[in-house]
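Read through the structure below, which is laid out as structure tokens, and then see the notes.
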Amino acid sequence: MLAARGLSFGYDPAKPLLDDWSATFEAGEVVAITGPSGRGKSTLLYLLGLMLAPTAGGITVNGMDAASLRDSARARLRATTYGFVFQDAALDATRTVLDNVIETALYRDDSRPASIRRARDLMSQFGVDLRANARPGQVSGGQAQRIALCRALLNDPRVLLADEPTGNLDPASADIVIDAFHAQAYSGATVVVVTHDPALVARCDRRIEL
Amino acid sequence: MRVIRRGLAIARESLATAWAQPVASAVTIIMVAGMCATVLLTTGRTVGAEQNVLSSIDSAGTRSIVIRADADAGLDSSVLDRLSGIDGIAWAGAFGPATDVQNAAFPGATKVPVRLAWSSSFGTLGIPEIQAVENRTAWGSAAALEQLGMPDSVGGVVATSGQDLAVAGRLDVPDFLQFMEPLVVVPQTRNVDAAAPVSVLVVIAARPDLVVPVSRATQSVLAVDDPTKVTVTTSAGLATLRGLVQGQLGSFGRNLVIVIFALTAVLVAAILYGLVMLRRKDFGRRRALGASQSLIVGLLLVQTAALAIVGALVGIAGAAAALALAGDPLPGPGFFAAVGVLAIAVSVVAALVPALAAARRDPLKELRVP
Numbered sequence: 389m390l391a392a393r394g395l396s397f398g399y400d401p402a403k404p405l406l407d408d409w410s411a412t413f414e415a416g417e418v419v420a421i422t423g424p425s426g427r428g429k430s431t432l433l434y435l436l437g438l439m440l441a442p443t444a445g446g447i448t449v450n451g452m453d454a455a456s457l458r459d460s461a462r463a464r465l466r467a468t469t470y471g472f473v474f475q476d477a478a479l480d481a482t483r484t485v486l487d488n489v490i491e492t493a494l495y496r497d498d499s500r501p502a503s504i505r506r507a508r509d510l511m512s513q514f515g516v517d518l519r520a521n522a523r524p525g526q527v528s529g530g531q532a533q534r535i536a537l538c539r540a541l542l543n544d545p546r547v548l549l550a551d552e553p554t555g556n557l558d559p560a561s562a563d564i565v566i567d568a569f570h571a572q573a574y575s576g577a578t579v580v581v582v583t584h585d586p587a588l589v590a591r592c593d594r595r596i597e598l
Numbered sequence: 289m290r291v292i293r294r295g296l297a298i299a300r301e302s303l304a305t306a307w308a309q310p311v312a313s314a315v316t317i318i319m320v321a322g323m324c325a326t327v328l329l330t331t332g333r334t335v336g337a338e339q340n341v342l343s344s345i346d347s348a349g350t351r352s353i354v355i356r357a358d359a360d361a362g363l364d365s366s367v368l369d370r371l372s373g374i375d376g377i378a379w380a381g382a383f384g385p386a387t388d389v390q391n392a393a394f395p396g397a398t399k400v401p402v403r404l405a406w407s408s409s410f411g412t413l414g415i416p417e418i419q420a421v422e423n424r425t426a427w428g429s430a431a432a433l434e435q436l437g438m439p440d441s442v443g444g445v446v447a448t449s450g451q452d453l454a455v456a457g458r459l460d461v462p463d464f465l466q467f468m469e470p471l472v473v474v475p476q477t478r479n480v481d482a483a484a485p486v487s488v489l490v491v492i493a494a495r496p497d498l499v500v501p502v503s504r505a506t507q508s509v510l511a512v513d514d515p516t517k518v519t520v521t522t523s524a525g526l527a528t529l530r531g532l533v534q535g536q537l538g539s540f541g542r543n544l545v546i547v548i549f550a551l552t553a554v555l556v557a558a559i560l561y562g563l564v565m566l567r568r569k570d571f572g573r574r575r576a577l578g579a580s581q582s583l584i585v586g587l588l589l590v591q592t593a594a595l596a597i598v599g600a601l602v603g604i605a606g607a608a609a610a611l612a613l614a615g616d617p618l619p620g621p622g623f624f625a626a627v628g629v630l631a632i633a634v635s636v637v638a639a640l641v642p643a644l645a646a647a648r649r650d651p652l653k654e655l656r657v658p
């Protein structure tokens, strides 16, 4: 379970993007965060993802106050408990697809052979296993987002955060991504998605408008 | 076990990252190689020349102490036993009064002086420690053997006293004994109970800076009857000159090394910082996905160290080849190793600031860089 309590944050203190904002995200549900551009949707996602520290309030992850942890502990929590899918996939263009998928194993001290086996299973599940040795520049946008999804799911995360995951995808690829979110939620994970995509919003369990 | 596995994982990731960025890696290798080559082609050449100059000075007898005693001075071969108790002596030899000998096969041939000799090590003169005929075998220098007419370095000589000696071979005359040429010696076993007169005592100090104290200590154990009949000649002046040469050339070399390493370190840091800035999105992504700041620093430092090792090896090999091809003096292996280790250390230290900067990048900000 993920919860925000009295969350406040603003790059300019005079214009806070979030002011005393609270919400609870239950395990097993897929929640869409929507709203006009510039309202702080992505900022909220990065706050929930412990990449930003709120100016006030707290974030609870599975009952633990995570926002007040030291940087190294927050990084450890991101590596072990979280999965992230960014809008542009954010893959390392200089490394192979397989290297990208197993990248986070290093941050968790996971066994490399076991991580490679898990990565190959995920890549096969999402139809990118034949591109394991390709570079990200050699795959399509839809494939890149599925590769990013494989990376996010490598640690079977309890919290999966996605920022406009279907923004650059065709409907078929978008369906694959949404199905993956529901499958992860079904396994007991909390899934939070920032999106403008009505199709994605329609398939989420709940919607929060900013 | 866990620490080792983590260390190996970081090393593998660092090497993979370096391999995946050939241009940045090549730039780093070239910089470090250039650093090593610059130091070796400037300071290394100076050090090589310094070692040659010092070697020349040393071979001319920088460390020698020569004591000449008149026949009635009372200096005898037992002095070598007393000298054995003095530290800082590399070699000592005592020579008796000279007696003329000539080739026994050619009466009336050129006469050459022969001396009884005692030494802490006859091996220095190329004479075997075990003699075929103890105390009765002579050894001559090339010059002496030529004058005696013994091209094969063997034969018999007869002294003016009528004593016969067998010449067993040729001896090597070190620089510090050149003043005794033409030299023929009859090596003697040391026997305190049968001490024989000595007219020349040569002592070689272990280091040039020990010449003065060793000279004083030697004079204190001469045990002569009349000190006024003994003259001492040392190379203290030459040793002082050697110290000055070594000090000035060494100081010049050290200063040059410091300047070159400092300038190159700044250059390495600046270029690494630029490379980190080019890869800031990469570090932002790593931080967002869970890499700790210490891991980012570790990855960059290990990567820089690995590239610096390659660069140091390339630079050292290239500079050594260039020096050898040009016929310039080469510094010793220790200098090469020191330059390599220093270059790697400087590179890692120079990478520290960019690494810390990379670790502190805001992941959110970097992920939004197009």
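Order-wise, the sequence lines are chains A and P.
Final position of the first sequence in my numbering is 598; the numbers increase by one with none missing.
Final position of the second sequence in my numbering is 658; the numbers increase by one with none missing.
Positions of the beta carbon are idealized from the N, C-alpha and C atoms, including for glycine.
Can you name the residues of chain A whose CB is closer than 9 Å to the CB of residue i?
| i | result |
| --- | --- |
| Gln-581(P) | Asp-459, Ser-460, Ala-463 |
| Glu-670(P) | Only positions 289 to 658 of chain P appear in this structure, which leaves residue 670(P) out of reach. |
Beta-carbon of residue i versus every beta-carbon of chain P: anything under 8 Å?
| i | result |
| --- | --- |
| Glu-597(A) | no |
| Met-439(A) | yes |
| Thr-583(A) | no |
| Thr-554(A) | no |
| Val-580(A) | no |
| Gly-400(A) | The sequence given here has Asp at residue 400(A), not Gly. Judged by the 8 Å Cβ criterion, Asp-400(A) is not in contact with chain P. |
| Tyr-434(A) | yes |
| Arg-500(A) | yes |
| Asp-453(A) | no |
| Asp-487(A) | yes |
| Ala-590(A) | no |
| Glu-491(A) | yes |
Within 8 Å of any Cβ in chain A, is that where the Cβ of residue i sits?
| i | result |
| --- | --- |
| Val-657(P) | Because the pLDDT at Val-657(P) is just 49, under 50, the model does not fix this residue reliably, and the value given afterwards should be weighed accordingly. Closer than 8 Å: no. |
| Ala-304(P) | yes |
| Ala-651(P) | As written in the sequence, residue 651(P) is Pro, which differs from the Ala given in the question. Yes, its Cβ sits closer than 8 Å to a Cβ of chain A. |
| Asp-375(P) | no |
| Arg-241(P) | This structure cannot settle anything about residue 241(P), because the visible part of chain P is limited to 289 through 658. |
| Ala-645(P) | no |
| Thr-350(P) | no |
| Pro-642(P) | no |
Check the Cβ of residue i against every Cβ in chain P and list those closer than 9 Å, keeping chain order.
| i | result |
| --- | --- |
| Arg-508(A) | Those do not exist, as Arg-508(A) stays about 18 Å from chain P at its closest Cβ, beyond 9 Å. |
| Val-505(A) | The displayed chain sequence assigns Arg, not Val, to residue 505(A). Here the premise fails: no neighbours, minimum Cβ distance about 16 Å. |
Hey, residue i and residue j are a contact pair by Cβ (cut 8 Å); roughly how many whole angstroms apart?
| i | j | result |
| --- | --- | --- |
| Ser-430(A) | Val-582(A) | 6 Å |
| Val-556(P) | Ala-638(P) | 4 Å |
| Ser-487(P) | Pro-385(P) | 5 Å |
| Pro-642(P) | Leu-560(P) | 4 Å |
| Pro-470(P) | Ala-426(P) | That pair is no contact at about 12 Å. |
| Thr-387(P) | Pro-462(P) | Not really, about 23 Å apart at Cβ, beyond 8 Å. |
| Gly-614(A) | Asn-556(A) | Here chain A has residues from 389 to 598 only, and residue 614(A) is not among them. |
| Ala-560(A) | Ala-587(A) | With 8 Å as the limit, Ala-560(A) and Ala-587(A) do not qualify as a contact, their Cβ atoms being about 12 Å apart. |
List, in chain order, every chain P residue whose beta-carbon is nearer than 8 Å to that of residue i.
| i | result |
| --- | --- |
| Arg-466(A) | Ala-576, Leu-577, Gly-578 |
Are there any heavy atoms of the ligand COA lying less than 7 Å away from the beta-carbon of residue i, as far as the coordinates show?
| i | result |
| --- | --- |
| His-584(A) | In the structure shown, the ligand COA is absent, as is every other ligand, since no ligand is present at all. |
Give the interface partners of residue i over in chain A, defined as CB-CB distance under 8 Å, in chain order.
| i | result |
| --- | --- |
| Arg-294(P) | Asp-497 |
| Asp-616(P) | Under the 8 Å cutoff, chain A gives no residues; its nearest Cβ is about 42 Å from Asp-616(P). |
| Asp-497(P) | The premise fails here: Asp-497(P) is roughly 55 Å from chain A at the closest Cβ pair, so nothing lies under 8 Å. |
Using the beta-carbon of each residue, which ones in chain P are nearer than 7 Å to residue i?
| i | result |
| --- | --- |
| Leu-494(A) | Ala-297, Glu-301 |
| Thr-482(A) | Ala-308, Gln-309 |
| Phe-472(A) | Ala-576, Leu-577 |
| Arg-534(A) | Result: empty, since nearest Cβ-Cβ is about 17 Å, beyond 7 Å. |
Output yes if chain B places a C-beta closer than 8 Å to the C-beta of residue i; else output no.
| i | result |
| --- | --- |
| Ala-478(A) | The question asks about chain B, but that chain is absent: this structure's protein chains are A and P. |
(message) Between the stretch 492-499 of chain A and the stretch 454-470 of chain A, can you find at least three pairs of beta-carbon atoms closer than 8 Å?
(response) yes
(request) Assess, as a yes-or-no matter, whether the stretch 614-625 of chain P is touched by the stretch 330-340 of chain P under the definition of 3 or more beta carbon pairs within less than 8 Å. (result) yes
(message) If contact is defined by three or more beta carbon pairs under 8 Å, each pair taking one atom from either stretch, is the stretch 492-500 of chain P in contact with the stretch 368-382 of chain P?
(response) yes
(message) Between the stretch 384-399 of chain P and the stretch 507-514 of chain P, can you find at least three pairs of beta-carbon atoms closer than 8 Å?
(response) no
(message) Which runs of the beta strand (DSSP E) at least 3 residues long sit entirely within the stretch 535-572 of chain A? Give them in chain order.
(response) Listed in chain order, the beta strand (DSSP E) runs fully inside the stretch 535-572 of chain A are 547-551, counting runs of at least 3 residues.
(message) Any contact between the stretch 642-651 of chain P and the stretch 564-573 of chain P? By contact I mean 3 or more CB pairs, one from each, below 8 Å.
(response) Taking a contact to require three or more Cβ pairs closer than 8 Å, the stretch 642-651 of chain P and the stretch 564-573 of chain P qualify as touching.
(request) Report yes or no: do three or more beta-carbon pairs, one from the stretch 302-314 of chain P and one from the stretch 582-596 of chain A, lie closer than 8 Å? (result) no
(message) I want to know whether the stretch 404-418 of chain A touches the stretch 289-303 of chain P - three or more CB-CB distances under 8 Å.
(response) no
(message) Under 8 Å: do the stretch 596-612 of chain P and the stretch 527-536 of chain P share three or more Cβ pairs, one atom per stretch?
(response) no
(request) Counting only runs of 4+ residues fully inside the stretch 605-651 of chain P, write out the alpha helix (DSSP H) ranges in chain order. (result) 621-647
(request) Count the CB pairs spanning the stretch 575-584 of chain P and the stretch 359-369 of chain P that are closer than 8 Å, and state whether there are at least three. (result) With a cut-off of 8 Å, the stretch 359-369 of chain P and the stretch 575-584 of chain P do not count as touching, because too few Cβ pairs lie within range.
(message) I'd like to know if the stretch 435-454 of chain A and the stretch 507-527 of chain A are in contact, where contact means that at least 3 CB-CB pairs between them fall below 8 Å.
(response) no
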